[in-house]
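Report on one structure; see the data block that follows.
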Amino acid sequence: MRLRFAPSPTGALHIGGARTALYNWLLARGQPDSSLVLRIEDTDRERSTPENVGQILEALEWLEIDWDGDPVFQSERADRHAEVVEQLIAGGHAYRSTAGPDEVKAFKAEHGNRGFRGSDEGTGAVRLRIPDEGATVVRDVIRGESSFENALLDDLVIARADGTPVYHLAVVVDDLDAGITHVVRGADHYSNTPKQLRILKALGAPEPVYGHVPLLHGPDGKKLSKRHGAASVQELRDAGYLPAAVRNYLALLGWGYDDTTTFFSTEELKAKFSLERVSRNPAIFDEQKLRHINGRYLRELPLDELTARLEALTGRSGLRDAAAISQEKISTLAEFWPLAGFFFDGPVDDPKAREKILGSKRALGALREARDALAGLDGAWDEPSIEAALGGVLEAGGYKPREVFQPVRVALAGTTVSPGIFETVALMGRDETLHRIDTAVRRSDRPGD
RNA sequence: GCCCCCAUGGUGUAGCGGUUAGCACGCGAGCCUUUCACGCUCGUAGGGGGGGUUCGAGUCCCCCUGGGGGUACCA
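Counted from 1, the first sequence has number 441 at position 397 by my numbering; the numbering is strictly sequential.
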C-alpha cells in the first residue's frame, strides 16, 4: 500500500493533523511493502511561508514520523494540474463558465433543491460536469458506505478563471500521479469525497481506499483550537511531553486494540494498528490522560536520555544527578525545573512555606539540631549516613519525622516540595547544605529581614 | 435551508443478540511513604428519547433529539 499525508503549512502542526499523520505512518511502517508520501498543501499563499513549512517538518521530525522521498509541494505541480484540466475539457468532461456564487444561487432558486448546472461559455472558470442521474458512493474503511445523489452535486469548479487549479483537482491528480492506494485523512474531507470521486471518474482513474478519521474536539465539544490549551504538537513538545508518549496517546485517541491494553511500544503499534478499528465518533483531547501516559514513559527513560532531554529543554547542563533523583516525581519534562531548580538557582522564595514550616521556635530548634547533626558528619556524606544523622535528631528531640524533614526541605529548597530529602541533602553537598540551613535560620530569627 | 456522518460513565475506549456492561484517565477513600509524587487496594459514575424486530437488544430497523462535517473561482 502507498499512503500520504498532507498537512497544510500553518506553522503549527495541529494535534488532529498529527494524529492522521501518525495513522498513515503506522499503516505504512507496519507493512513491508508500503510507502509514505508527504505532500505539502501550500497553495495558500498567505500561510505557506518557508518558515511555516519548516515548522511543520520540524514538528513531524520531533514526533519521529518519517516519510519517503522529498516532500511534494502542490505549488510545484501547477503545470501538471493545468494539463489535466485541459484534458478534461478536451474530453468533454469539463467546460468554461463565468457563473459565480450569484448565478449558482439564482439557479438553485429557480430549479429547487438541486445541484448547479452551467453551460459552456468558452471562458471563465473550469467546471466539471456532474451527471444528473445516479449517485456517487463513497466507500470508507472506517465509516462504511454512503451515497450522494449526483443531482444534488454542483458542477464543480476545478480551476479558476486565471487557470490555477482548485484543491480538489490538485489532490486527486497528485495522489493519482503518486500512485496513492490509501487515503487516510480527517473526516472534514468526507463530504468532499464525492466531488473528488467525480474527478477520478472523469479521468477514468481507479479510486483509492478511503479512511476518514474523526475530528478532534476540545473539552467543550467544539473544534480543538488554541483556546483549549495545547492544540499543536509544538505546544506539546514545549510542555515537556515525550514523542513516544504522544504517539501512544494519539493512537489511543479514536482507536482501541482490545479491552485492556493502554501502553503500546511503537513496534506494537505498527503491528497492531488497523483502520478498521478506528472509531467513528469525534474524540475529545484529554491532556490529563496524556500526562499520565507521559509520566509512565518518563519514568522508564534511561537516565542519559532523560538528562539530554532536560538539558535541551532548559538550556542548562550538568543536570544528570538532579534528574536521577527527580525522575520518579515528574510526569512531564517541564515539571523538572520547578521541582529541582533550587539546586542550581538557590532556594525558591516562598514566604508562605517559610512562615508555615519555619515559623515556630520548635521548627527552628529542630532545624538547628539537624544542622549540627549534619555538620558532625565528617567524611561520610551519603544517603545512609544522612538518614542516620537525621534519624538521630528525631529520636533525641522526640520529633515526628515531618517536624525535622520539612524545615530542612524548606531551608534547602525554599518550598515544601522537592525530591526525597536524603537524596536532596546528599546531592547538595555538605558545604552548601550547611550554608543554606544557616541562612534560613538567620533569616527566620529576624523576620521581616 | 439542503446533503452526509456520529451517539456506551466527566474523558478515551472494549463489546459485536443472552456479560454482575470490561479497561484506562479523572474523581473519592485507604495503604505505602520524610514532603510531593509513584505504586497498591477499594470505591464513584455509563449505552440520549420513542417506537419496532426478537424468547431476549447497548448490540438489528425506523423516527425524534443532540452533536459534528460539508455546502467557495479556501485548503
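The C-beta atom is built at its ideal place from N, Cα and C for all residues, glycine as well.
| Should Gln118 be labelled buried (16 or more other beta-carbon atoms within 10 Å of its own) or exposed? | buried
| request: Quick one: give me the first and last residue of the alpha helix (DSSP H) that His137 is part of. | output: His137: not part of any alpha helix (DSSP H); DSSP gives it neither H nor E.
| query | Cβ of Pro395 within 8 Å of Cβ of Ala457? | reply | no
| said: Here's the rule I'm using: 16 or more other beta-carbon atoms within 10 Å means buried, otherwise exposed. How should Leu350 be labelled? | reply: Buried, because 16 or more other Cβ atoms sit within 10 Å of the Cβ of Leu350.
| First through last residue of the alpha helix (DSSP H) which encompasses Glu108 | Judged by DSSP secondary structure, Glu108 falls outside any alpha helix (DSSP H); it is assigned neither H nor E.
| Relative to the C-alpha of Pro326, which residue among His155, Lys239, Asp232 is closest? | Ranked by Cα distance from Pro326, the first of His155, Lys239, Asp232 is Asp232.
| said: Is the beta carbon of Phe49 closer than 8 Å to that of Leu70? | reply: no
| task | Note down, one range per segment and in chain order, each alpha helix (DSSP H) of at least 4 residues found wholly within the region 208-243. | result | Runs found: 211-221.
| Collapsed DSSP secondary structure at Thr32 in the structure displayed | As displayed, the chain neither begins before 45 nor continues past 493, which places residue 32 out of reach and without an answer.
| query | Do the CB positions of Leu47 and Ala72 come within less than 8 Å of each other? | reply | A Cβ-Cβ contact shorter than 8 Å links Leu47 with Ala72.
| request: Within its chain, find whatever has a CB closer than 8 Å to the CB of Leu498; leave out the 5 residues flanking it on each side and keep chain order. | output: There is simply no residue 498 to check, as the chain begins at 45 and stops at 493 in what is shown.
| task | Select from Thr305, Lys270, Asn236, Val448 the residue whose C-alpha is nearest the C-alpha of Ile481. | result | Closest by alpha carbon: Val448.
| request: Measure the beta-carbon distance from Val128 to Leu213 and round it to whole angstroms, keeping in mind my assumption that it falls under 8 Å. | output: 7 Å
| request: State the CB to CB distance for the pair Gly60 and Leu260, rounded to an integer number of angstroms; the pair is presumed to be in contact (CB under 8 Å). | output: 4 Å
| query | So what does DSSP say about Asp381, is it helix, strand or coil? | reply | Here residue 381 turns out to be Trp, not Asp, going by the sequence shown. Helix.
| message | Taking the alpha helix (DSSP H) that Ala470 belongs to, which residues open and close that run? | response | 465-472
| query | What distance in whole Å lies between the Cβ atoms of Ala65 and Leu104, which are believed to be in contact at a cut-off of 8 Å? | reply | 6 Å
| query | If Ala222 and Ala378 are in contact, beta carbons under 8 Å, what's the gap, nearest whole angstrom? | reply | In fact, because the Cβ distance is near 39 Å, the residues do not count as touching under 8 Å.
| query | Going by the CB atoms, is the gap between Leu342 and Leu286 shorter than 8 Å? | reply | Leu286 is a Cβ neighbour of Leu342, given a cutoff of 8 Å.
| message | For the pair the region 352-366 and the region 420-429, tell me if three or more CB-CB distances fall below 8 Å. | response | no
| Within 10 angstroms of its Cβ, does Gln5 collect 16 or more other Cβ (buried), or is it exposed? | Since the first residue of the chain shown is 45 and the last is 493, residue 5 is not available in this structure.
| query | Could you give the residue range of the alpha helix (DSSP H) that holds Ile202? | reply | Here Ile202 belongs to no alpha helix (DSSP H); instead the beta strand (DSSP E) covers 200-203.
| query | Using DSSP with H/G/I as helix, E/B as strand and the rest coil, what is Glu165? | reply | Looking at Glu165 - three-state DSSP - the assignment turns out to be coil, as it is neither helix nor strand.
| request: Report the rounded CA-to-CA distance for Val452 versus Ala366, giving the unit in angstroms. | output: 18 Å
| task | Kindly list the residues whose CB is nearer than 7 Å to the CB of His137, restricted to its own chain and excluding five residues on each side of it in sequence; keep chain order. | result | Leu172, Arg173, Ala246
| message | Pairs of beta-carbons, one from the region 427-441 and one from the region 462-476, closer than 8 Å: are there three or more? | response | A contact exists between the region 427-441 and the region 462-476.
| query | Roughly how many whole angstroms lie between the Cα atoms of Ser488 and Pro445? | reply | 21 Å
| request: Use the C-beta contact count for Ala432: other C-beta atoms within 10 angstroms, 16 or more gives buried, fewer gives exposed. | output: exposed
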